[in-house]
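The structure appears below as structure tokens.
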Amino acid sequence: MIKNNDTLWYGQYGGCFIADAFSLDCDKYYDEYKKIVRQDGFEKEFEQLKAEYSPVEFKLLETEDENLMVGIASENLYSIIGTILLAKHMKKEKVVCGTRYTDEAMLCAKLCKKYGLKLKMFMSKDISSISSLMVQMKTYGVETETCMCEELFNLPEMYAFQTWVAAPQEYVLINCRNNVGAFPHPNIVSDFASVYGEDLKLAMESMGMPSPERIVVPSVSGTFALGVFGAFDSKTIEFVTVECDEEDDLQEELDSYCGTFTKVMRNRYNDRVLAPELSNMFDNGEVLRKLGNISQIDTNHSDLLCSQTDFSVQSLAGLNYCEKNTDKKLTLCLVRNTRWGAVL
Numbered sequence: 399m400i401k402n403n404d405t406l407w408y409g410q411y412g413g414c415f416i417a418d419a420f421s422l423d424c425d426k427y428y429d430e431y432k433k434i435v436r437q438d439g440f441e442k443e444f445e446q447l448k449a450e451y452s453p454v455e456f457k458l459l460e461t462e463d464e465n466l467m468v469g470i471a472s473e474n475l476y477s478i479i480g481t482i483l484l485a486k487h488m489k490k491e492k493v494v495c496g497t498r499y500t501d502e503a504m505l506c507a508k509l510c511k512k513y514g515l516k517l518k519m520f521m522s523k524d525i526s527s528i529s530s531l532m533v534q535m536k537t538y539g540v541e542t543e544t545c546m547c548e549e550l551f552n553l554p555e556m557y558a559f560q561t562w563v564a565a566p567q568e569y570v571l572i573n574c575r576n577n578v579g580a581f582p583h584p585n586i587v588s589d590f591a592s593v594y595g596e597d598l599k600l601a602m603e604s605m606g607m608p609s610p611e612r613i614v615v616p617s618v619s620g621t622f623a624l625g626v627f628g629a630f631d632s633k634t635i636e637f638v639t640v641e642c643d644e645e646d647d648l649q650e651e652l653d654s655y656c657g658t659f660t661k662v663m664r665n666r667y668n669d670r671v672l673a674p675e676l677s678n679m680f681d682n683g684e685v686l687r688k689l690g691n692i693s694q695i696d697t698n699h700s701d702l703l704c705s706q707t708d709f710s711v712q713s714l715a716g717l718n719y720c721e722k723n724t725d726k727k728l729t730l731c732l733v734r735n736t737r738w739g740a741v742l
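Plus 398 on top of the position in the sequence shown (first one is 1) and you've got our numbering.
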């Protein structure tokens, strides 16, 4: 079931940091969204699209530590599926998105082609240089915009949000992460992404896995972590996120990113923006946040790497954390394979 989260503020984070003239469009958009997802047929179609385009995959790996369970999980792309389906039911012709990874770019292109939606895609410079991907975008009839990220700031979702704000009656914003946009955009992403957590939990239970005492999740924006944590009881399970960056000079700042106030890890060249809901959970002690650098990753001591060599950097850092923190708590470390595209 798709649950609606009406939260405007998560502590001091979140909110609607845009001009008052645009806040009316945000409220109208959210009201229409809530009405549509409650209609007969929407959730059934959402379930069908999930199964066809992005089914949850979970594989449990063998470990030598009886207190450590390591599971490979598929990416959470439910927010892409949900917002494109929303555009269809709103009877919009145009959608806009900002993509950082090849898998999300391809999924957006396929689904928009399926529903006859005119897709404008702002692509990060990390993926716009992949010629085969650009040819695929042409095949699907996608209008691609690469100059902004190449010549200005490499923040594709920022340009997508600005396009929506300028013409909210024309576009639906396909948000891939819940760290972008004024209310209700992060909330809509969270609503769809949380369904992934429930599906993942069901997949784990079907394997007869015991309930963990600790869940460790590699994190970049926090979207995947929040989707997982929402399916479990924080009163009985300890939540941990592990962030791993290449740059060693990122500093934490507070900023209003595309209309949502949140924590940002930043240097002169890069921004890594955290989901406002997760920022608040850090402050409240609901999630233990571990920060690291790629130079600290040890790839030589884990037997798991013998058969699985394409873990993401953040996943390797998560494994390192778990293997160094053996305190007899039954721990589930969720890892994912490398996504081709951005680092941050």
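Quick reminder that beta carbons are idealized off the backbone N, C-alpha and C, glycines included.
Owing to the predicted nature of the structure, the values given are computational and were not obtained by experimental measurement.
Item: Selection from E491, F440 and L571 that minimises the alpha carbon distance to Y513; Value: E491
Item: Pick from T724, K486, T736 and A740 that is closest to E384, judged by C-alpha positions; Value: Residue 384 is absent from the model: the chain starts at 399 and stops at 742.
Item: R670 vs E473 beta-carbon contact at 8 Å; Value: no
Item: Length of the line joining the Cα atoms of R436 and V662; Value: 34 Å
Item: Stretch pair the segment 668-686 + the segment 714-724: three plus CB contacts closer than 8 Å; Value: no
Item: Span of the alpha helix (DSSP H), counted from its first residue to its last, around F680; Value: P674 to D681
Item: Beta-carbon proximity check, L451 vs I586, cutoff 8 Å; Value: Inspection of the sequence shows that residue 451 is occupied by Tyr rather than by Leu. Not in contact: Y451 and I586 (Cβ atoms no closer than 8 Å).
Item: Beta-carbon separation (whole angstroms), F456 vs L624, contact threshold 8 Å; Value: That belief does not hold up - the Cβ atoms of F456 and L624 are roughly 18 Å apart, past 8 Å.
Item: Exposure of K486, with buried meaning 16 or more beta-carbon neighbours within 10 Å; Value: buried
Item: Reference P554; option with closest CA among T537, E502 and L515; Value: E502
Item: First through last residue of the beta strand (DSSP E) which encompasses M546; Value: That residue, M546, is in no beta strand (DSSP E); its alpha helix (DSSP H) goes C545 to E549.
Item: F709, buried or exposed, once every other Cβ within 10 Å from all chains shown has been counted against 16; Value: buried
Item: Proximal residues to D696 (C-beta, below 7 Å), its chain only, five neighbours per side dropped; Value: N718
Item: Neighbourhood of H583 by C-beta distance below 7 Å, restricted to the same chain and skipping five residues each side; Value: L571 and N573
Item: Nearest-angstrom Cα separation, counted from T544 out to S527; Value: 9 Å
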